[in-house]
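> Can you keep this structure in mind? I'll have questions shortly.
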Amino acid sequence: MSRPTYIVEGSLVKIQLPPSWRTTVTALTHRPYNQLVACDWQDHGRDIMTSLFTNHWATPNVPMTDITNNDASKLDLRPQIICLDLRIRSYYSKIRYIHGPALLDDQYSSHSARIVAVENPPDTPEQQDSVVFVITVQDETPIGWQPAFDSSIITVRCTYDQRAPSPYNLANIQGDILPGLPKVVQYFYYFVTQDDGFTDIFKSSILPRITSSLKLVSQPTSHDYLGLNVGFTRWYLKEILELPDDLQDQAFYTGQSRDSEYLGDAGRVEFNRWWPDWDDEFSFDNFDGIFIITAVNEAIADNFVQEMEAAFGKSIHKKLLIKGRRRPGHQASSNHFGYRDGISNPEVRGVTFDVQEQSDPRYPGSPIVPLGAIVMGYDGDEDKDRRPGWAVDGAFMVTRKLHTYVPEFEAFLLERGPKYFRDLTEQTAADKLGARLIGRWKDGTPMELSPDRPDPSISGNDERVNNFIFQSFDQTHCPYAAHIRKCSPRNYVSPDESDNSHFIRRHGISFGPEVTDEEQSSGRTLHARGSHFVCYSSSIERGFKHIQCGRSNNTVFPPRKNTAPGMDPIIGETNKDGQNCWMTGADPNNEGRMIIFQTPFVVPRGGEYFFVPSISTLRDYVSTRSQNRH
Numbered sequence: 002m003s004r005p006t007y008i009v010e011g012s013l014v015k016i017q018l019p020p021s022w023r024t025t026v027t028a029l030t031h032r033p034y035n036q037l038v039a040c041d042w043q044d045h046g047r048d049i050m051t052s053l054f055t056n057h058w059a060t061p062n063v064p065m066t067d068i069t070n071n072d073a074s075k076l077d078l079r080p081q082i083i084c085l086d087l088r089i090r091s092y093y094s095k096i097r098y099i100h101g102p103a104l105l106d107d108q109y110s111s112h113s114a115r116i117v118a119v120e121n122p123p124d125t126p127e128q129q130d131s132v133v134f135v136i137t138v139q140d141e142t143p144i145g146w147q148p149a150f151d152s153s154i155i156t157v158r159c160t161y162d163q164r165a166p167s168p169y170n171l172a173n174i175q176g177d178i179l180p181g182l183p184k185v186v187q188y189f190y191y192f193v194t195q196d197d198g199f200t201d202i203f204k205s206s207i208l209p210r211i212t213s214s215l216k217l218v219s220q221p222t223s224h225d226y227l228g229l230n231v232g233f234t235r236w237y238l239k240e241i242l243e244l245p246d247d248l249q250d251q252a253f254y255t256g257q258s259r260d261s262e263y264l265g266d267a268g269r270v271e272f273n274r275w276w277p278d279w280d281d282e283f284s285f286d287n288f289d290g291i292f293i294i295t296a297v298n299e300a301i302a303d304n305f306v307q308e309m310e311a312a313f314g315k316s317i318h319k320k321l322l323i324k325g326r327r328r329p330g331h332q333a334s335s336n337h338f339g340y341r342d343g344i345s346n347p348e349v350r351g352v353t354f355d356v357q358e359q360s361d362p363r364y365p366g367s368p369i370v371p372l373g374a375i376v377m378g379y380d381g382d383e384d385k386d387r388r389p390g391w392a393v394d395g396a397f398m399v400t401r402k403l404h405t406y407v408p409e410f411e412a413f414l415l416e417r418g419p420k421y422f423r424d425l426t427e428q429t430a431a432d433k434l435g436a437r438l439i440g441r442w443k444d445g446t447p448m449e450l451s452p453d454r455p456d457p458s459i460s461g462n463d464e465r466v467n468n469f470i471f472q473s474f475d476q477t478h479c480p481y482a483a484h485i486r487k488c489s490p491r492n493y494v495s496p497d498e499s500d501n502s503h504f505i506r507r508h509g510i511s512f513g514p515e516v517t518d519e520e521q522s523s524g525r526t527l528h529a530r531g532s533h534f535v536c537y538s539s540s541i542e543r544g545f546k547h548i549q550c551g552r553s554n555n556t557v558f559p560p561r562k563n564t565a566p567g568m569d570p571i572i573g574e575t576n577k578d579g580q581n582c583w584m585t586g587a588d589p590n591n592e593g594r595m596i597i598f599q600t601p602f603v604v605p606r607g608g609e610y611f612f613v614p615s616i617s618t619l620r621d622y623v624s625t626r627s628q629n630r631h
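Start counting the sequence shown at 2; every next residue gets the next number (this note's numbering).
Structure (structure tokens):
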């Protein structure tokens, strides 16, 4: 078997790869302060791409993650590359708030990297080669049990990889559906079209930049990358593109504003029509479409928005722009309430994880579903045989602007927690009550596995943090109505539910500032913040709407329990006069004790249902049809 060859020049490695070999790069830090490793890679003289590995403050001896590629644990360069240049750069700061891409500056550079090994260890399989870097921090001193140079270890591994072609048309699927656009920032640009100029500009300036699933699956993205996807409302499909109403989903054709009454959103009836208590921008039939824009920083996203608006001119009108951003530092994977998020998304073999390299997804326990549960036209799509050709490789997208009332939530926990857990300190009791409402401790430890305290041996282990089922006999570990148990009941589904009917992929992000000291001390929200919820599936009725109405708002789900579970305490809703959200099971010593929430902690302020077409439909319909406004 032909093997890779290497030329090593300091921190640069030139690799010649025979056919069917792939290259992966991983990073590990032994230091507790903020570090960033930049890996520059170039294929056959093409543009230099850069991936950024970062760690979290005070978490030494753990793998660093690639923030330019959805926090992947490695940079994965596929077999089509045959001549690869890799250069490693390292940056660090002992100031807690200087982290992530902010470290990418010469003043934070460690200026040193050296090779410690080029040859393989004795037990390396024939189909692997490895190169290992060690990054030296110049002013570092020994930490006792580690030599001074051992600050970050970078491993470059080449592996023989003969794989079968994908059975899916990933080049035709927009990438935020699956596996998800990489992001540190995410913009939601809601718009209406004005005239025929939209079509021409869309074809020339937008269509070539749409990010496909294939692009995300086959090659990693660079730190200067910009992700772009687009979705359209049922009004635009019908009235502008003149496509028939045959997507087999009543919720989509109803629209979320009208549907919000059934979702439980607060509102009122006037002139024989339901009016939700939403922000004014989310009025009836207010949008034609939405652009999803992602980047590693605001400058890249802002620059694209300016370029796009200049290109479209008067042919497009911005109705609303919501700018989301991952939370800072060690909270990057947490929502505004402080709970780790994004662990239990359903996975699709060969798309969200590589079956040639791993038999399980990154977080075992995540449901593995057929592609058709998320994307139309494949096995798992219950309406597969009734989809029109232009709908294949598309998906429905639900957006929701959710305001979160964090100070009020924390104040509620501090007031109620000590009443339930009298043997604990005030804050510990509050933390435990919060964990019982969510179903996880803030670090991600499932209540089902550790009901009394967060357990770093679980939360820090990808193999364990999501690998569990719920007990069937009581609520001792996790209440039936806990948020994660309502939304993803695992082993609790009704007998008449099919295995793959109700899964969604969530790809939203937080918006708004961090909680201020004034808000924290007063227990009152003064600044708007929350989550811009986004999910994808091949059915809104069986996906998002079933989860919201059939589970979160349903007081008898999970079914067949001796004690009525109540509603999801986080996103459960009722818009009926005189009714509040409630649940049982929060008190493990009195499972039937009801807890009533006088005010909600999450309030919807708008949203819409979109169809995210295939790239061929964007080309053949959106890029060719003239505006047909009446």
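No residue lacks a Cβ here, since even glycine has one placed at the ideal position from N, Cα and C.
None of these values were measured; they are calculated from a predicted model.
(1) Is residue 447 helix, strand or coil by DSSP?
(2) Residue 335: which of 560, 460, 287 and 175 sits nearest, CA to CA?
(3) Excluding the five sequence neighbours on either side, which residues of its own chain have a C-beta within less than 8 Å of the C-beta of residue 6, listed in chain order?
(4) Rank 10, 606 and 346 by C-alpha distance to the C-alpha of residue 530 and give the top, closest one.
(5) Roughly how many whole angstroms lie between the Cα atoms of residue 306 and residue 19?
(6) Provide the residue(s) that pair with residue 36 in DSSP beta bridges, ordered along the chain.
(7) Go ahead and pull the three-state DSSP assignment for residue 306.
(8) Where does the unbroken alpha helix (DSSP H) through residue 553 begin, and where does it stop?
(9) In the structure shown, what three-state DSSP assignment does residue 623 receive?
(10) Whose CA, out of 544, 435 and 572, lies closest to the CA of residue 504?
(11) Are there 16 or more other CB atoms within 10 angstroms of the CB of residue 98, so buried, or fewer, so exposed?
(12) In three-state DSSP terms, what is residue 1?
(13) Less than 9 Å separating the beta-carbons of residue 91 and residue 70?
(14) Can you check DSSP and say which residues form a bridge with residue 377?
(15) Assuming residue 156 and residue 625 form a contact by the criterion Cβ under 8 Å, report the distance between their Cβ atoms to the nearest whole angstrom.
(16) CA-CA distance, residue 67 and residue 326?
(17) Spatial neighbours of residue 266 within its chain, please: CB distance less than 8 Å, with the 5 preceding and 5 following residues excluded, ordered by chain position.
(18) With a threshold of 16 other CB atoms inside 10 Å of the CB of residue 62, please say whether the residue is buried or exposed.
(19) Hey, would you say residue 455 sits closer than 9 Å to residue 589, going by beta carbons?
(20) What would DSSP say about residue 98, mapped onto helix, strand or coil?
(21) Tell me which residue opens and which closes the alpha helix (DSSP H) that residue 408 is part of.
(22) What does DSSP give as the partner residues of residue 610 in its beta bridges?
(23) In angstroms with no decimal places, state the Cα-to-Cα distance between residue 411 and residue 417.
(24) Roughly how many angstroms separate the alpha carbons of residue 25 and residue 75, rounded to a whole number?
(25) From which residue to which residue does the alpha helix (DSSP H) around residue 217 run?
(26) Taking all protein chains shown into account, do 16 or more other C-beta atoms lie within 10 angstroms of the C-beta of residue 3, making it buried, or fewer, making it exposed?
(27) Using DSSP with H/G/I as helix, E/B as strand and the rest coil, what is residue 497?
(28) Here's the rule: buried if 16 or more other CB atoms are within 10 angstroms of the residue's CB, otherwise exposed. What is residue 558?
(29) CB-CB under 7 Å to residue 167, same chain, minus the five flanking residues each way: which ones, in chain order?
(30) Measuring straight from C-alpha to C-alpha, what distance separates residue 300 and residue 234?
(31) What number of angstroms, rounded off, separates the C-alpha of residue 617 from the C-alpha of residue 57?
(32) Any heavy atom of the ligand FAD closer than 8 Å to the Cβ of residue 169?
(33) For the alpha helix (DSSP H) that contains residue 259, what are its first and last residues?
(34) Count the other C-beta atoms from every protein chain shown that fall within 10 angstroms of the C-beta of residue 426, then say buried if there are 16 or more, exposed otherwise.
(35) May I ask you to list the residues that DSSP assigns as paired with residue 616?
(36) Going by other Cβ atoms of all chains shown within 10 Å of its Cβ, with 16 needed for buried, is residue 159 buried or exposed?
Reading it off the structure:
(1) Position 446 of the sequence shown holds residue 447. In this structure, residue 447 counts as strand in the three-state DSSP scheme.
(2) One-based indexing of the sequence shown puts residue 335 at position 334. The shortest C-alpha separation from residue 335 is found at 460.
(3) One-based indexing of the sequence shown puts residue 6 at position 5. Taken in chain order, the residues that qualify are 16 and 17.
(4) Reading the sequence shown from its first residue, position 529 is the one you call residue 530. Comparing Cα-Cα distances from residue 530 to each of 10, 606 and 346, the minimum goes to 606.
(5) In the sequence shown, the residue the question calls residue 306 occupies position 305. In the sequence shown, the residue the question calls residue 19 occupies position 18. Within the model, the alpha-carbon separation for residue 306 versus residue 19 is close to 41 Å.
(6) Your numbering for residue 36 matches position 35 in the sequence shown. Per DSSP, 93.
(7) For this step, residue 306 is matched to residue 305 along the sequence shown. Correct three-state label for residue 306: helix.
(8) Mapped onto the sequence shown, residue 553 falls at position 552. Run containing residue 553: none; DSSP gives neither H nor E here.
(9) Indexing the sequence shown from 1 puts residue 623 at position 622. In this structure, residue 623 counts as helix in the three-state DSSP scheme.
(10) Counting from one through the sequence shown, the residue named residue 504 turns up at place 503. It is 544 whose Cα lies nearest to the Cα of residue 504.
(11) Numbered from 1 along the sequence shown, position 97 holds the residue referred to as residue 98. Answer is exposed; the Cβ neighbour count stays below 16.
(12) In the structure displayed, the chain extends from 2 to 631; residue 1 sits before or after that span and is not available.
(13) Reading the sequence shown from its first residue, position 90 is the one you call residue 91. Reading the sequence shown from its first residue, position 69 is the one you call residue 70. In this structure, the beta-carbon distance from residue 91 to residue 70 does not fall below 9 Å.
(14) In the sequence shown, residue 377 corresponds to position 376, counting from 1. Looking at the DSSP assignment, residue 377 forms no beta bridge with any residue, so it has no partner.
(15) As a working note, residue 156 is residue 155 in the sequence shown. As a working note, residue 625 is residue 624 in the sequence shown. Their Cβ separation, rounded to whole angstroms, is 49 Å, which puts residue 156 and residue 625 out of contact at 8 Å.
(16) For this step, residue 67 is matched to residue 66 along the sequence shown. For this step, residue 326 is matched to residue 325 along the sequence shown. Approximately 16 Å between the Cα atoms of the pair.
(17) As a working mapping, residue 266 is identified with position 265 in the sequence shown. Closer than 8 Å at the Cβ level, and outside the excluded window around residue 266, lie 277, 278, 279, 574, 576 and 605.
(18) Your numbering for residue 62 matches position 61 in the sequence shown. Per the 10 Å Cβ criterion, exposed.
(19) Taking the first residue of the sequence shown as 1, we reach residue 455 at position 454. Taking the first residue of the sequence shown as 1, we reach residue 589 at position 588. No, the Cβ-Cβ distance between residue 455 and residue 589 is not below 9 Å.
(20) Reading the sequence shown from its first residue, position 97 is the one you call residue 98. The answer is coil: DSSP assigns residue 98 none of H, G, I, E or B.
(21) Working through the sequence shown from its first residue, we reach residue 408 at position 407. Start and end: 407 to 421.
(22) Counting from 1 along the sequence shown, the entry for residue 610 is found at position 609. 399.
(23) Mapped onto the sequence shown, residue 411 falls at position 410. Mapped onto the sequence shown, residue 417 falls at position 416. Using only the alpha carbons, I get a separation of about 10 Å.
(24) Your numbering for residue 25 matches position 24 in the sequence shown. Your numbering for residue 75 matches position 74 in the sequence shown. So the alpha carbons of these two residues sit roughly 6 Å apart.
(25) As a position in the sequence shown, residue 217 is number 216, starting the count at 1. Run containing residue 217: 214 to 219, per the alpha helix (DSSP H) assignment.
(26) Taking the sequence shown and counting its residues from 1, the one referred to as residue 3 is at position 2. Label assigned to residue 3: exposed.
(27) Residue numbering aside, residue 497 sits at position 496 when the sequence shown is read from its first letter. The predicted model places residue 497 with a pLDDT of 46, which falls under 50 and marks its position as unreliable; any figure quoted below should be read in that light. In this structure, residue 497 counts as coil in the three-state DSSP scheme.
(28) Translated into positions along the sequence shown, residue 558 becomes position 557. Buried is the call here.
(29) Locating residue 167 in the sequence shown gives position 166, where the first residue counts as 1. If we look at residue 167 and ignore the five residues flanking it on each side, its Cβ neighbours are 351.
(30) Working through the sequence shown from its first residue, we reach residue 300 at position 299. Working through the sequence shown from its first residue, we reach residue 234 at position 233. The alpha-carbon atoms of residue 300 and residue 234 are separated by roughly 29 Å.
(31) As a first step, residue 617 is located in the sequence shown; it is residue number 616 there, counting from the start. As a first step, residue 57 is located in the sequence shown; it is residue number 56 there, counting from the start. Straight-line Cα distance between these residues: approximately 41 Å.
(32) The model depicted lacks the ligand FAD and carries no ligand whatsoever.
(33) The sequence position of residue 259 within the sequence shown is 258, counting from 1. 257 to 264 is the extent of the alpha helix (DSSP H) around residue 259.
(34) Translated into the one-based positions of the sequence shown, residue 426 becomes position 425. By the neighbour-count rule (16 or more Cβ atoms within 10 Å), residue 426 is not buried but exposed.
(35) Taking the first residue of the sequence shown as 1, we reach residue 616 at position 615. According to DSSP, which records beta bridges pairwise, residue 616 is partnered with nothing at all.
(36) In the sequence shown, the residue the question calls residue 159 occupies position 158. With 16 or more Cβ atoms within 10 Å of its Cβ, residue 159 is classed as buried.
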